Amino acid sequence: MNDGPDWVEQARRLVDGLGQTLGSALREGARDGEASGRHPADCRWCPVAPASMAQAWVMRGYAASVAPAAGHSPFDDLAELLAEGGYT
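With positions in the sequence shown counted from 1, the corresponding number in the numbering used here is that position plus 2.
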């Protein structure tokens, strides 16, 4: 009988993989003449927080779009700012 996925093990694998990816990116930045832990000046793709993910991290769920809350919230300000920046 299969007990299903081990979510703790999956989380450990994810954290390990991200640590390797982010660690190598930061080391490459240091080799490019930047201080350790900083990105190179010509960095166009950021493994820490890609610009395209900014919208996904703050995106409203389906329930919020079906029954929106009354009034204007700080989230509305953020959504408008992202829309102005072209992240819609």
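Idealized CB from N, CA, C, for every residue including glycine. It should be emphasised that the depicted structure is a prediction, and the values quoted were computed from it without experimental measurement.
So the alpha helix (DSSP H) residue i belongs to, where does it begin and stop?
i     : result
ASP78 : 76 to 86
Just the Cα atoms here: how many angstroms apart are residue i and residue j?
i     : j     : result
ASP2  : GLN12 : Lying outside 3 to 90, the shown extent of the chain, residue 2 is not represented and no answer is given.
LEU20 : VAL10 : 15 Å
PHE77 : LEU16 : 28 Å
GLY1  : ASP79 : As shown, the chain starts at 3 and ends at 90. That puts residue 1 outside it, with no answer to give.
LEU83 : SER75 : 13 Å
GLN22 : ALA81 : 32 Å
GLU86 : ASP8  : 42 Å
Once DSSP output is grouped into helix, strand and coil, what is the label at residue i?
i     : result
GLY19 : helix
ALA13 : helix
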